[in-house]
Structure formats: C-alpha cells, structure tokens
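Down below is the structure, laid out as structure tokens.
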Amino acid sequence: MLAVYDYLGYDTSAYLGGEVRRPGKTLPRSIVGIMCLYLLLQVGILGVLPWQDVVKSSSIATPAVSSAWGPTAADIVTVLIVVTAFASVFAGLLAGSRVPHEAARDKLFLPQFTRLHPKGTSPLSACWSWASSAPSARCCR
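The numbering of the sequence shown is the working numbering, which starts it at 1 and goes up by one.
This is the structure we're talking about:
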C-alpha cells in the first residue's frame, strides 16, 4: 500500500499543461520518464540491499548508498534528499497556484487571482493564498 504514495505528485505536472509546448506529448513523456527512473532506483536499491533490510528500514537511500560507496557519499545523498524535499514543496506551491489562477481567468473564481507577478509570470495572489493556507491546514488537522 505504501508504494502507491511513491507515485503521488505525478498529477502536479498536469497543472502546468498550459505553460509547456505540446502538453499532450510532453506531459505523458515526463510522467512515464519519472516513473521509469523511480522504478530503476528501486531495482538498484534491491540490488544493493537484501529485501529483508529494505522492509525493516525507515530510510532506504542512506543505507544503500552507504553500503555501495561509503558513509561520506551517504551523507551527501541524505543532504540532497532533504534539498529535494524542500524543492518539492515549492514546486507544489507554484504548480498548485495555477489551479485557482486558471479558474479565475475562466471567470469561475475570484478575479483577484488573475493577477500575475510584474516581473515573472507566476500568479501572485494564488501563490500567496496557497502559501498562507498551508500552515492553517496543518494546524487544523
């Protein structure tokens, strides 16, 4: 059941469909490509660690890299995983803010959400609303 959660987030790329060239071709390729990379990563980990250790471990990448390349490489990979986790939060913020922006452009949501950042093309009001709603959603859990 936990393997299902590994593939969550692929749908976030669909939020950016209006901003890429040929989204009907680009988005499926990106989703399948990431899924293939993830599958190869899992096969690689099972090639380095016995599956019994994988089942018991709460952290998979660090022991796998440590056994293959040593503790220094494992520390570097751990830092890269943390950086990637933060980047994932920001990517979700930027991608998720496109949904209310597009709804407002179609006149299905508040018109304030159509405003774009003056220098960039990110939806300013939508980004701020998503960023401010995340802590309140966490508190109300």
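C-beta: ideal position from N, C-alpha, C; glycine also. None of these values were measured; they are calculated from a predicted model.
(request) Would you identify the three-state DSSP class for P28, choosing helix, strand or coil? (result) Indexing the sequence shown from 1 puts residue 28 at position 28. If DSSP states are grouped into helix, strand and coil, P28 belongs with the helices.
(message) Taking the alpha helix (DSSP H) that R21 belongs to, which residues open and close that run?
(response) Position 21 of the sequence shown, counted from the first residue, corresponds to residue 21. Where R21 is concerned, there is no enclosing alpha helix (DSSP H), given that its DSSP letter is neither H nor E.
(message) Distance check for L27 and Q143, CA to CA, integer angstroms please.
(response) Examination of residue 143 is not possible in this model, given that the chain is present from 1 through 141 alone.
(request) Kindly list the residues whose CB is nearer than 8 Å to the CB of I34, restricted to its own chain and excluding five residues on each side of it in sequence; keep chain order. (result) Position 34 of the sequence shown, counted from the first residue, corresponds to residue 34. Within the same chain, I34 has close Cβ partners Y10.
(request) Mind checking who L116 pairs with in its DSSP beta bridge? (result) If you number the sequence shown from 1, residue 116 lands on position 116. Paired residues: P123.
(message) Distance check for V99 and H117, CA to CA, integer angstroms please.
(response) Your numbering for residue 117 matches position 117 in the sequence shown. Your numbering for residue 99 matches position 99 in the sequence shown. In a straight line, the C-alpha of H117 is about 16 Å away from that of V99.
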